[in-house]
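For the record, in the sequence shown the residue sitting at position 173 is 172 according to numbering that gives the first Met the number 0, with numbers rising by one throughout.
For reference, the structure discussed in these notes is given below.
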Amino acid sequence: MKDAGQARNWRAVVASAQGRIRIGKDAMDRIRLIGGERLTGTIPISGAKNAALPLMIASLLTSDTLTLTNIPQLADVTQLARILGNHGVDLAIAGKRPGQSSIDGQTFRLTAGDIVDTVAPYEMVSKMRASFWVLGPLLAREGEACVSLPGGCAIGTRPVDLHLEGLKALGAEIELDGGYVKARAPQGLRGGRVVFPKVSVGATHNVLMAAALAKGESVIENAAREPEVGDVAECLIKMGAQIDGVGTSTLRIQGVDGLSGAEHAVLPDRIETGTYAMAVAATGGDVLLERARGDLLETALDVLRGAGVEITATNRGLHVARNGAGLAPVEVETSPFPGFPTDLQAQLMALMARADGTSTIRETIFENRFMHVQELARLGADIALDGDTAHITGVDVLHGAQVMATDLRASVSLVIGGLMAEGETVINRVYHLDRGFERIEEKLGRCGARIERLSA
Ligand code: EPZ
Numbered sequence: 000m001k002d003a004g005q006a007r008n009w010r011a012v013v014a015s016a017q018g019r020i021r022i023g024k025d026a027m028d029r030i031r032l033i034g035g036e037r038l039t040g041t042i043p044i045s046g047a048k049n050a051a052l053p054l055m056i057a058s059l060l061t062s063d064t065l066t067l068t069n070i071p072q073l074a075d076v077t078q079l080a081r082i083l084g085n086h087g088v089d090l091a092i093a094g095k096r097p098g099q100s101s102i103d104g105q106t107f108r109l110t111a112g113d114i115v116d117t118v119a120p121y122e123m124v125s126k127m128r129a130s131f132w133v134l135g136p137l138l139a140r141e142g143e144a145c146v147s148l149p150g151g152c153a154i155g156t157r158p159v160d161l162h163l164e165g166l167k168a169l170g171a172e173i174e175l176d177g178g179y180v181k182a183r184a185p186q187g188l189r190g191g192r193v194v195f196p197k198v199s200v201g202a203t204h205n206v207l208m209a210a211a212l213a214k215g216e217s218v219i220e221n222a223a224r225e226p227e228v229g230d231v232a233e234c235l236i237k238m239g240a241q242i243d244g245v246g247t248s249t250l251r252i253q254g255v256d257g258l259s260g261a262e263h264a265v266l267p268d269r270i271e272t273g274t275y276a277m278a279v280a281a282t283g284g285d286v287l288l289e290r291a292r293g294d295l296l297e298t299a300l301d302v303l304r305g306a307g308v309e310i311t312a313t314n315r316g317l318h319v320a321r322n323g324a325g326l327a328p329v330e331v332e333t334s335p336f337p338g339f340p341t342d343l344q345a346q347l348m349a350l351m352a353r354a355d356g357t358s359t360i361r362e363t364i365f366e367n368r369f370m371h372v373q374e375l376a377r378l379g380a381d382i383a384l385d386g387d388t389a390h391i392t393g394v395d396v397l398h399g400a401q402v403m404a405t406d407l408r409a410s411v412s413l414v415i416g417g418l419m420a421e422g423e424t425v426i427n428r429v430y431h432l433d434r435g436f437e438r439i440e441e442k443l444g445r446c447g448a449r450i451e452r453l454s455a
């Protein structure tokens, strides 16, 4: 295994990225909200975190420069830049050009001229699960990789068996040793047939990236159809990969000898879009979600329309309004794309806390994604849990309180709760929010929310 030692390989440019995005020391920051204000105005939608991360990882597949535009400024992006730096990826962050605004996101130029380290250590992978996805690309390019198992997290056990079975089908020899996955393909990976018994976004990313450089044809069946998987596939095609079936559950890949550089813009964040749509609905507001694409979250938008929220596509984005009318309760089950996304489940639950009746939300993707329930209850929400199903009975009023963010999407559900609540809500452990929501207090503040960050 190439193991050049992590300190030496952390690139200076990553340090500069860290300077732009404050992490670590902000762990104790809090968000203070005074509820009751209608949101009105415009909220720019950023590039999708869950596309930006695998797209950055795709830079490991080529020695050329991969240029990614519309990268959001998020703690997870900074963390991944540091991890990739450890493998030998040089990152240059381009400055803004005339006419570009903050909505345009950042431009990253990632160059993995040489892979200097094929080991992804526990200290890094445990901080961000998506970094486990370096396994496939490293193995495909270098014939070896040693990546720490990511471990569990607040939303569930989250195993990686599908990733490993998928890579084995491409000829990888895999052994588990001391909490690490040691993978080898001394003769290179070869095409194979992968039939996932369950839809996994991460396993699809991992196997798709590996198959792009395997010898011969690979077929991935029951592949995740999430738009972020399609975005990565489109970028790989620009890099020279041969992939058919993008956007469907069967991906057919003809492996190529090498991939080249390319330029690719990260697609808009559908989870941020859905979250702000729910925040607007929660406050009876009227907001344009600039650059949002309705086709990325039709099911969620249909649920909101069913609850009485007006949503109209315009040439600038999505216009969301709820003027005066109450909210009808909903019955929703999370499922892989194109179903209702698990990443919007907590936010919908917060919204339904004020609906006119009882809603039912069933979580089918992660077994423990209800950490927000007890925190929403602190605001006065009436939620009864029954296994994987939550019954939410709308109440007339929520009251501000001290609450604790437990994971990314749970945290933002508390922001939605706080926007609806009477009085002051203080959300602790805001670092969860910073992982996935770019400048949330600024975006909401500009639309009239009384929200501020309290630095520790
Ligand atoms: C991605 O996680 C997203 N993360 C998650 O978003 C999202 O919630 C999830 O997909 C589902 O849509 C990123 O894109 C960075 P999975 P991932 O593999 O890929 C089981 C957020 O808040 N499974 O699709 O890790 C697993 O336990 C995050 O932005 C196996 O059993 O999720 C789960 O029940 C949180 N074995 C289901 O599949 C495996 O080997 C789906 O997980 C892999 C997964």
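All C-beta atoms in this analysis are idealised placements derived from N, C-alpha and C, irrespective of residue type, glycine included.
A check of alpha carbon separations from Asn367 across Ala354, Leu378, Gln344 and Thr357 identifies Gln344 as the nearest.
Spanning the alpha carbons of Ala354 and Asn69 requires a straight line of approximately 36 Å.
For Thr313, the uninterrupted beta strand (DSSP E) run begins and ends at Glu309 to Thr313, by DSSP. Here Leu138 has Ala144, Leu166, Ala171, Ala182, Ala184, Leu188 and Ala209 as same chain residues with Cβ atoms under 7 Å from its own Cβ, once five neighbours each way along the sequence are excluded. For Pro43, the secondary structure class from DSSP, reduced to helix, strand or coil, is strand. By the Cβ rule, the segment 114 to 131 counts as touching the segment 81 to 90, because three or more pairs are nearer than 8 Å. In the DSSP annotation of this structure, the continuous segment of the beta strand (DSSP E) that includes Ala93 starts and ends at Asp89 to Ala93. For Ile364, the distance from the CB to the nearest heavy atom of ligand 1 is below 6 Å.
Here the segment 413 to 424 lies against the segment 370 to 381, with 3 or more beta-carbon pairs under 8 Å apart.
Leaving aside the five residues that flank Ala299 on each side, the residues in its chain whose CB is nearer than 7 Å to its CB run, in chain order, Gly273, Phe339, Pro340 and Leu343.
When the alpha-carbon of Arg321 is set against those of Val308, Ala57, Ala327 and Leu375, the nearest one is in Val308. Under the rule that a run must span 4 or more residues, the alpha helix (DSSP H) segments found entirely inside the segment 363 to 435 read 370 to 377, 407 to 419 and 430 to 435. By the neighbour-count criterion, in which 16 or more other beta carbons inside 10 Å mark a residue as buried, Ala400 falls on the buried side. Taking non-hydrogen atoms of ligand 1 into account, the C-beta of Gly201 is found less than 6 Å away from one of them.
Leaving aside the five residues that flank Thr282 on each side, the residues in its chain whose CB is nearer than 6 Å to its CB run, in chain order, Arg37, Leu38 and Leu418.
Residue nearest to Ala93 within the set Asp243, His371, Leu65 and His398 is Leu65 (criterion: CA-CA distance). Between Ala420 and the set Met370, Asp395, Gly135 and Leu317, the nearest pair of CA atoms involves Asp395.
Looking at the DSSP output, Leu169 shares a beta bridge with no other residue. Sequence-distant Cβ neighbours of Tyr121 in its own chain, meaning closer than 7 Å and more than five residues away, are Ser147 and Gly178.
Within the same chain, Ile42 and Leu288 come within 6 Å of Tyr275 by CB-CB distance, once the 5 residues on both sides are set aside. Around the beta carbon of Asn314, fewer than 16 other beta carbons sit within 10 angstroms, so the residue counts as exposed. Contact between Gln241 and Val255 holds, since their C-beta atoms are separated by about 6 Å, short of 8 Å. Selection Ser412, Asp63 and Ala223 evaluated against Ile270 yields Ser412 as nearest (Cα-Cα). In the three-state reduction of the DSSP assignment, Glu225 falls in the coil class, being assigned neither a helical nor a strand state.
Between Leu326 and Ala291, the beta carbon gap of about 21 Å keeps them out of contact (Cβ cut-off 8 Å). About 5 Å separates the CB atoms of Gly244 and Leu250; that is less than 8 Å, so the two are in contact. Of the residues assessed, Glu437 falls on the buried side of the cut-off, its CB having 16 or more other CB atoms within 10 angstroms. For ligand 1, a non-hydrogen atom lies closer than 6 Å to the CB of Asn49. Asp160 counts as exposed, since fewer than 16 other beta carbons sit within 10 angstroms of its beta carbon. When DSSP states are grouped into helix, strand and coil, Arg189 belongs to the strand group. Between ligand 1 and the CB of Leu65, the shortest heavy atom gap is not smaller than 6 Å. Set against 6 Å, the gap from the CB of Val193 to the closest heavy atom of ligand 1 is not smaller. Less than 7 Å divides the Cβ of Arg452 from the Cβ of Ile30.
Here the alpha carbons of Leu73 and Ala129 stand approximately 14 Å from one another. Assigned with DSSP and collapsed to three states, Leu326 falls in coil, not helix or strand.
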